[in-house]
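In what follows, a structure is listed as structure tokens, so that the remarks can point back to it.
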Amino acid sequence: MQPTPFQRTPELLAPAGDWEAMRAAVANGADAVYFGLDQFNARFRAENFKLDELPTIVKYLHDHNVRGFLTFNTLIFSDELPAAADYIRQIAEAGIDAVIVQDFGIARLIQAMAPTLHIHGSTQMTLTEPRGIEFVRQLGVQRVVLARELSIEDIRKIRSGTDMETEVFIHGALCVAYSGQCLTSESLGGRSANRGQCAQACRLPYELVVDGVPRELGDVAYLLSPKDLAAYDLIDDLSNLGVASFKIEGRLKSAHYVAATAQTYRQAIDAWKDNRRFKLSPQQKIDLEQTFSRGFCHGFLSGVNHQVLVQGRFPKSRGTRIGTVARITPRSIVIAEENAISPLKPGDGVVFDEGHPEQDEQGGRVFAVRPAGKKQIEIELGYGDVNLHAIAFGSIVWKTDDPAIRKRLAHSFSRDLVVKRQPIDAVVTVHVGKPLRVMLGGVEVSADKLLEAATKFPVTAEMVREQIARLGDTPFELRNLRLDAAGGPMVPKSLLNDLRRAAVERLIADRAATHEVHANALDQLRASYHGPPARANDARISENSSSDMGTSPARAGGPWYGASHSTPMLHVLARTLDQLHAVLAGKPASVYCDFEDVRRYQPAVDAARAAGVPIALATMRIVKPGEEGWLKQVLDAQPDAILVRNLAAISYYREMAPNLPLIGDYSLNIANELTAGVFTDAGLVRFVPSYDLNWRQMAAMFHHCDAGRFECVVHQHMPMFHMEHCVFAHTMSNGRDFHDCGRPCEHHKVDLSDRVGQPHPLIPDAGCRNTVYNAQAQSAADFVPRMQELGIVHFRVELLRESPEQVGPLIARYADVLTGRATPTTLTRSLKVINQLGVTHGTLDRE
Numbered sequence: 016m017q018p019t020p021f022q023r024t025p026e027l028l029a030p031a032g033d034w035e036a037m038r039a040a041v042a043n044g045a046d047a048v049y050f051g052l053d054q055f056n057a058r059f060r061a062e063n064f065k066l067d068e069l070p071t072i073v074k075y076l077h078d079h080n081v082r083g084f085l086t087f088n089t090l091i092f093s094d095e096l097p098a099a100a101d102y103i104r105q106i107a108e109a110g111i112d113a114v115i116v117q118d119f120g121i122a123r124l125i126q127a128m129a130p131t132l133h134i135h136g137s138t139q140m141t142l143t144e145p146r147g148i149e150f151v152r153q154l155g156v157q158r159v160v161l162a163r164e165l166s167i168e169d170i171r172k173i174r175s176g177t178d179m180e181t182e183v184f185i186h187g188a189l190c191v192a193y194s195g196q197c198l199t200s201e202s203l204g205g206r207s208a209n210r211g212q213c214a215q216a217c218r219l220p221y222e223l224v225v226d227g228v229p230r231e232l233g234d235v236a237y238l239l240s241p242k243d244l245a246a247y248d249l250i251d252d253l254s255n256l257g258v259a260s261f262k263i264e265g266r267l268k269s270a271h272y273v274a275a276t277a278q279t280y281r282q283a284i285d286a287w288k289d290n291r292r293f294k295l296s297p298q299q300k301i302d303l304e305q306t307f308s309r310g311f312c313h314g315f316l317s318g319v320n321h322q323v324l325v326q327g328r329f330p331k332s333r334g335t336r337i338g339t340v341a342r343i344t345p346r347s348i349v350i351a352e353e354n355a356i357s358p359l360k361p362g363d364g365v366v367f368d369e370g371h372p373e374q375d376e377q378g379g380r381v382f383a384v385r386p387a388g389k390k391q392i393e394i395e396l397g398y399g400d401v402n403l404h405a406i407a408f409g410s411i412v413w414k415t416d417d418p419a420i421r422k423r424l425a426h427s428f429s430r431d432l433v434v435k436r437q438p439i440d441a442v443v444t445v446h447v448g449k450p451l452r453v454m455l456g457g458v459e460v461s462a463d464k465l466l467e468a469a470t471k472f473p474v475t476a477e478m479v480r481e482q483i484a485r486l487g488d489t490p491f492e493l494r495n496l497r498l499d500a501a502g503g504p505m506v507p508k509s510l511l512n513d514l515r516r517a518a519v520e521r522l523i524a525d526r527a528a529t530h531e532v533h534a535n536a537l538d539q540l541r542a543s544y545h546g547p548p549a550r551a552n553d554a555r556i557s558e559n560s561s562s563d564m565g566t567s568p569a570r571a572g573g574p575w576y577g578a579s580h581s582t583p584m585l586h587v588l589a590r591t592l593d594q595l596h597a598v599l600a601g602k603p604a605s606v607y608c609d610f611e612d613v614r615r616y617q618p619a620v621d622a623a624r625a626a627g628v629p630i631a632l633a634t635m636r637i638v639k640p641g642e643e644g645w646l647k648q649v650l651d652a653q654p655d656a657i658l659v660r661n662l663a664a665i666s667y668y669r670e671m672a673p674n675l676p677l678i679g680d681y682s683l684n685i686a687n688e689l690t691a692g693v694f695t696d697a698g699l700v701r702f703v704p705s706y707d708l709n710w711r712q713m714a715a716m717f718h719h720c721d722a723g724r725f726e727c728v729v730h731q732h733m734p735m736f737h738m739e740h741c742v743f744a745h746t747m748s749n750g751r752d753f754h755d756c757g758r759p760c761e762h763h764k765v766d767l768s769d770r771v772g773q774p775h776p777l778i779p780d781a782g783c784r785n786t787v788y789n790a791q792a793q794s795a796a797d798f799v800p801r802m803q804e805l806g807i808v809h810f811r812v813e814l815l816r817e818s819p820e821q822v823g824p825l826i827a828r829y830a831d832v833l834t835g836r837a838t839p840t841t842l843t844r845s846l847k848v849i850n851q852l853g854v855t856h857g858t859l860d861r862e
């Protein structure tokens, strides 16, 4: 079934983690369903489907006039590419409508292998503005799933800057970090969110530590756990912008959740289509709450509001708030009732919230309910379900489950009905002496025998329409019928029925077309990207720059390019001017600056030039519409090169400064040689491998492409959460955003202490976005000899909060390892001594 052109009405896209959820989506009005298979999808904890089920799934969806989108939305490692290519072949042959993709190299592979298969750019691509969207268009992407951190105004600007189809999340769980930019699970436990194995560290409690002192926040402990998105009242605004698809989050959710959300948003979209005002009914709100809710908000769609996004009391679904505990009797609990719309009844589930969800909370099934005074009810729970003495007065009472709601929602998908029928037209030709012909929906069938003149009952349009309209449980419904009759023939009803059935069979068969596949596409792409090392061609590199960690930059092609020699080059990233001055004293091959205040970039460049050390300036990881000014400020400082962290920066600098060397940072998620090839073609002179790679996976990538183009970070604090949400503003001010928060980030050093007491540094950037860094430094010193054997010559040390006095010794130790003057073991031991929290091998050491 070919995707229908988008006109005015946005598509409703629902999730399916299993067959029951898929049936719920189809039965409750979804136009399309997205789902994953048992490999290469970002929700490994979902039940998911098997590859051999795919043809059955596609047929089921198409028979119900619903499109199927397959999630292929993880990073793919080099040694997985042959298996991924075989997956793509089978996906295309099954006739799926579109594939949702994160990995840039995989997008290019699908474009080459199955050019008619539609590609949707996943929200994991971190697409936040038009330049990045146009970048992925070149890879064959035909629709983009926008980042959830965008406002309606941002989306308006994107729609005016590109004609690419846009898809927007309108309901469900929110990640606190930008999708595709969260390395928390990988850093803490080797379970990468970019590989579908998120451990949901954002839903854990954290203690705010300000200037080394714990800050009391009352019952607010879940500082990184957002409420859920609910944008049913924003459907009109988003539809008027021309958003192509509204997406409901939830492949880990129940079929009841899918049914409730699909029903609600189907009605909201249809109301917009009919120019009616949609108003959520009280029962619909309760249905949404009872199927899953951490509390609802608009996310970022209504703009940034750091006081609303995170409530902080609990990290999990609560349901509907009923009231508070007023008193406790020896056998019952009296509740001051607040919610008359969803009263408690026997069989309902409840929990008593005292603000400590990490502890064993009291709760159970309601056994009996009776009035207990004005706006009060008395409930009894099942024997042994709760310890009444452990329930505190004033505890919030939540209804966590309502069997009646579940039963009603389950009924909505209990029968296999075609809810969405495709209108088709028919032309029936009945001429005496000629065969009966039926043209149905563009398919023509005819009888073998010639028609005879009627003796009693000649054919009528009413009789023909009655027989042709009997489309039963097919995906079609008759719209218009034209009867072309001549000579008054007699037409048997059975013959009309036979031809109708034959035409419908042809129509359904035509919808099952598969995609053409070019089986050798992977080999061809690999061959095209395994080219000779990059050479220097940029006259801007200073001939006077020199380094004790390599030959003259001018003679070797500068510190930016894949080198033609084997001498290692050490690059150091500094985050303050004080760190920078300490770095320059060590004369590294180059220095990177990543400052919160971009106004300090100019003095940084001046200092590096005075020291004779080439300097590159880092962009922010996120650029939104209207934020190109940040990119311009970086360029105005006239660095020797730029460390790019987003797609917008690549496009902007290629246009504004085509000869300026660009180095791609880890945030581009380069995990295989195909993605490396994409960014080589985009003009990057060098790039950092994805932090999702362990050593085996990284080595596999280096074997398939020019290792001289890569720069390996050998010392750093892993960047974990990268967030639009500002914890500084939320916890240390009453401000909505940077306009009225008072900028506490400029006056205090803040850490987020986890459950084991590790203080993870919280660092803002120029755009007021926050990054949480791992408290422990990680060192790849033990892997340096193996990297050098594979042709790596560029190495990086990243500073975080090191004092100027600590910088020199740290750089010197790594310089000694790179030149063979010290062993990695010696370096690792010394790092463990000087780092109070220790040092780890990090992600490279994981399997």
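According to the working numbering, the sequence shown is numbered sequentially starting from 16.
Ideal placement from N, C-alpha and C gives every residue a C-beta, glycine not left out.
Using a Cβ-Cβ cut-off of 8 Å (strictly less than) and excluding sequence neighbours within five positions of A468, which residues of its own chain qualify? Around A468: V447, G502, G503, P504, M505.
Measuring CB atoms only, is the stretch 763 to 779 touching the stretch 181 to 196, in the sense that at least three cross pairs come out at less than 8 Å? No, the stretch 763 to 779 does not touch the stretch 181 to 196.
How far does the alpha helix (DSSP H) with L522 in it extend, from its first residue to its last? DSSP places L522 inside the alpha helix (DSSP H), whose first and last residues are 508 to 526.
Excluding the five sequence neighbours on either side, which residues of its own chain have a C-beta within less than 6 Å of the C-beta of A109, listed in chain order? These residues qualify, in order along the chain: L69, P70, V73.
With a Cβ-Cβ cutoff of 8 Å, do A236 and G327 count as a contact? Contact flag set, yes.
Rounded Cβ spacing between P30 and I263 (contact assumed at less than 8 Å): Taking C-beta atoms under 8 Å as the contact rule, P30 and I263 qualify, at a distance of about 6 Å.
Contact between the stretch 84 to 91 and the stretch 111 to 128: three or more CB pairs below 8 Å? The stretch 111 to 128 and the stretch 84 to 91 touch, with three or more beta-carbon pairs separated by less than 8 Å.
Is the beta carbon of N56 less than 8 Å from the beta carbon of K435? Contact: no.
Could you name the residues of the same chain whose beta carbon sits closer than 6 Å to that of V225, not counting the 5 residues immediately before and after it, in chain order? Exclusion of the five residues before and after V225 leaves H763, V765 as the residues of its chain whose Cβ lies within less than 6 Å of its Cβ.
Can you name the residues that DSSP bridges to T10? Not covered by the structure: residue 10. The range shown for the chain is 16 to 862.
So, G362 versus R346, is the Cβ gap smaller than 8 Å? Here G362 is not near R346, since their CB atoms are 8 Å or more apart.
Within its chain, find whatever has a CB closer than 7 Å to the CB of S705; leave out the 5 residues flanking it on each side and keep chain order. Answer for S705: L90, Y681, N684, I685, A686, listed in chain order.
How would you call L432, buried or exposed, if buried means at least 16 neighbouring beta carbons within 10 angstroms? Residue environment for L432: exposed (fewer than 16 other C-beta atoms within 10 angstroms of its C-beta).
Assuming M735 contacts Y788 (C-beta within less than 8 Å), just tell me the rounded distance between them. Yes, M735 and Y788 are in contact; Cβ-Cβ is about 6 Å, under 8 Å.
So, L496 versus A462, is the Cβ gap smaller than 8 Å? Not closer than 8 Å, so no.
Among E481, D234, H135, the one whose alpha carbon lies nearest that of D118: The residue with the shortest Cα to Cα distance from D118 is H135.
DSSP state of F798 mapped onto helix, strand, coil: If DSSP states are grouped into helix, strand and coil, F798 belongs with the helices.
Segment limits, alpha helix (DSSP H) that includes T71: Where T71 is concerned, the enclosing alpha helix (DSSP H) starts and stops at 69 to 78.
Would you call the stretch 314 to 322 and the stretch 748 to 757 in contact, with 3 or more CB pairs under 8 Å? Segments in contact, yes.
R23 versus F261: straight-line alpha-carbon distance, rounded: Inter-residue distance for R23 and F261 is about 13 Å (C-alpha atoms, whole angstroms).
Measuring alpha carbon to alpha carbon, tell me which of R526, F428, G397 ends up nearest G457. Check the Cα spacing between G457 and each of R526, F428, G397: the tightest is with R526.
Expressed to the nearest angstrom, what Euclidean distance is found between the alpha-carbon atoms of K847 and H313? Roughly 45 Å between the two C-alpha positions.
Rounded to the nearest angstrom, how far is the Cβ of F871 from that of R163, given a contact under 8 Å? A query on residue 871 cannot be resolved here, the shown segment of the chain reaching from 16 to 862 and no further.
Could you tell me if F472 is buried or exposed, where buried requires 16 or more neighbouring beta carbons within 10 angstroms of its beta carbon? Counting Cβ neighbours within 10 Å, F472 comes out exposed, since fewer than 16 surround it.
Segment contact, 8 Å Cβ cut-off, at least three pairs: the stretch 719 to 733 with the stretch 212 to 229: Contact fails: fewer than three Cβ-Cβ distances are below 8 Å.
Give me the DSSP bridge partner(s) of P450. In the DSSP output, where bridge partners are listed per residue, P450 has L465.
L766 - containing beta strand (DSSP E), residue span: For the sequence presented, residue 766 should be read as Asp rather than Leu. 765 to 768 is the span of the beta strand (DSSP E), which, as asked, contains D766.
Taking the DSSP output, what are the residues bridged to N687? Bridge partners of N687: none, in fact.
If you draw a straight line from the alpha carbon of K242 to that of S308, how long is it in whole angstroms? Approximately 8 Å, taken between the alpha carbons.
Quick check on DSSP: helix, strand or coil for M733? Correct three-state label for M733: strand.
Three-way DSSP call (helix, strand, coil) for A542 in this model: Three-state result, A542: helix.
Could you check what DSSP says for M747 in three-state terms: helix, strand or coil? In the structure shown, M747 sits in a helix (DSSP, three-state: H, G or I).
First and last residue of the uninterrupted alpha helix (DSSP H) at H718: Its alpha helix (DSSP H) spans residues 710 to 718.
Environment of P490 [buried if 16+ CB atoms lie within 10 Å]: Buried.
Buried/exposed call for I849, threshold 16 Cβ in 10 Å: I849 is exposed by the Cβ-count criterion.
With a threshold of 7 Å (Cβ to nearest heavy atom), would A283 be considered close to the ligand COA? As far as ligands go, the structure on display features none, and thus does not contain the ligand COA.
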